[in-house]
Amino acid sequence: MKTTLRGIFPIIYTAFRADGSIDEPGQRRIVDYLIEAGTHGLAATGGASEAGKMTLDERRRLLELCVEQTAGRVPLVMGCTADSTQESIELVRHAAANGVSAAFSLLPRDGQTGQPGQKALAGTAQADALRAHYLALGEASPIPIMVQEVSQPIPPELIASIFESCPNVCYVKEEAPADTGHRITALLEASGGKLSIFSGGANVLDDLARGAIGAIPGSIGVGDLSRTYDLHVAGDRTGARHAFNHFLPLSHWRRQFGTLGAKEVLRRLGVIEAAHLRPSAGKSEPDQRLDEHDLRELDEIMALQGPPF
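Numbers given in this note's numbering equal positions in the sequence shown, counted from 1, plus 2.
Okay, structure coming up:
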């Protein structure tokens, strides 16, 4: 049966130590910080949680840790994108056994990139792979499934047809890099208003006005976003706009630096001890750092914004 989920469900970033291991006390503080900020739910083990850099056992432990610390205070959803559909099914069954309310997933990584040395799936092959993945996941999952869109938007008609074939695939996590608002409208039109859509939160007021039921943003500014949602639902559009505008300077700064910038904000707020990212195993990554000018800009933004920054 479909779980009723609405509101702001921030991705729980992962607290790491300098050696790349999970900082469990820091992880618990992130969960508490987000709940105390007024969020309506939480989202664990997503891409911004750096789950793709973890083993399956690490992901299971991270999820269990988040479930333990959440302690039923708010609903919890989780990311189950993996190297194959079968791994995604294993992750989501583990999550369901731990009381998680829903799971979101991209096409498995072997479907996104093809086999080693091959080009990424495209056209009819990708549509077939998407349908097969979400139908298999939806039919095997004890909890509702969210279709996740990030860099490769899926035709709204395809998502609607997957839902018609398997009503357990009833949510969409819409984060297309462009035209998100229009896609929300198209998804609702294609499904006759039956799909439940979360956006990424960057334009949450427009998204809510179009019919989104909430957002799954990052771990910063969630107090502002939660107030924005609550005031919107209460019919106070002016108040919602003020709350959202308070979030914008920090959101704009953070976009340059992704998770690293957001973790620096959490470090300054005393939530985590250090803004560490976990390196990807066996991969050379560009140097990610904040220089003195980046930090000065953040100093000024946080000082001018005032509480809770």
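Just so it is clear, CB atoms sit at the ideal spot from N, CA and C, and this is done for glycine as well.
All values reported here derive from a predicted model rather than from experimental measurement.
Backbone CA spacing between residue i and residue j [nearest angstrom]
{"i": "Glu52", "j": "Gly272", "result": "21 angstroms"}
{"i": "Val69", "j": "Ala105", "result": "14 angstroms"}
{"i": "Ala214", "j": "Cys82", "result": "22 angstroms"}
{"i": "Leu268", "j": "Leu252", "result": "12 angstroms"}
{"i": "Ala277", "j": "Glu159", "result": "41 angstroms"}
{"i": "Ala131", "j": "Arg62", "result": "26 angstroms"}
{"i": "Leu78", "j": "Ala217", "result": "13 angstroms"}
{"i": "Thr6", "j": "Gly101", "result": "14 angstroms"}
{"i": "Arg256", "j": "Pro179", "result": "16 angstroms"}
beta-carbon residue i near the ligand GTP non-hydrogen atom, thresh 8 angstroms
{"i": "Lys55", "result": "Looking for the ligand GTP in the displayed structure turns up nothing, as the structure carries no ligands at all."}
Where residue i sits in the DSSP three-state scheme
{"i": "Lys196", "result": "coil"}
{"i": "Phe18", "result": "strand"}
{"i": "Ile323", "result": "With the chain covering only 3 through 311, there is no way to say anything about residue 323."}
{"i": "Cys168", "result": "coil"}
{"i": "Phe106", "result": "strand"}
{"i": "Ser201", "result": "strand"}
{"i": "Ile274", "result": "coil"}
{"i": "Glu176", "result": "strand"}
{"i": "Gly9", "result": "strand"}
Terminal residues of the alpha helix (DSSP H) in which residue i lies
{"i": "Gly81", "result": "It is not in any alpha helix (DSSP H) - Gly81 instead sits in the beta strand (DSSP E) that spans Leu78 to Gly81."}
{"i": "Gln128", "result": "Gly125 to Ala142"}
{"i": "Arg257", "result": "From DSSP, Arg257 is part of no alpha helix (DSSP H); its letter is neither H nor E."}
Min CB distance residue i to chain D below 9 angstroms
{"i": "Ala211", "result": "The chain labelled as chain D is not found in the depicted structure, where only one protein chain is given."}
Host beta strand (DSSP E) of residue i (start-end)
{"i": "Glu151", "result": "Ile147 to Glu151"}
{"i": "Ala46", "result": "Leu44 to Ala46"}
Supposed close pair residue i, residue j - CB separation, criterion 8 angstroms
{"i": "Phe249", "j": "Asp226", "result": "4 angstroms"}
{"i": "Ile147", "j": "Ser107", "result": "7 angstroms"}
{"i": "Val94", "j": "Ile145", "result": "7 angstroms"}
{"i": "Ala236", "j": "Ala192", "result": "With 8 angstroms as the limit, Ala236 and Ala192 do not qualify as a contact, their Cβ atoms being about 30 angstroms apart."}
{"i": "Gly48", "j": "Ile13", "result": "5 angstroms"}
Cβ contact (3+ pairs, closer than 8 angstroms) linking the segment 206 to 226 and the segment 181 to 197 | yes
Do the segment 127 to 147 and the segment 169 to 179 make contact, defined as three or more Cβ pairs closer than 8 angstroms?
-> yes
Is the segment 198 to 209 touching the segment 13 to 26 in the sense that three or more CB pairs, one from each, lie closer than 8 angstroms?
-> no
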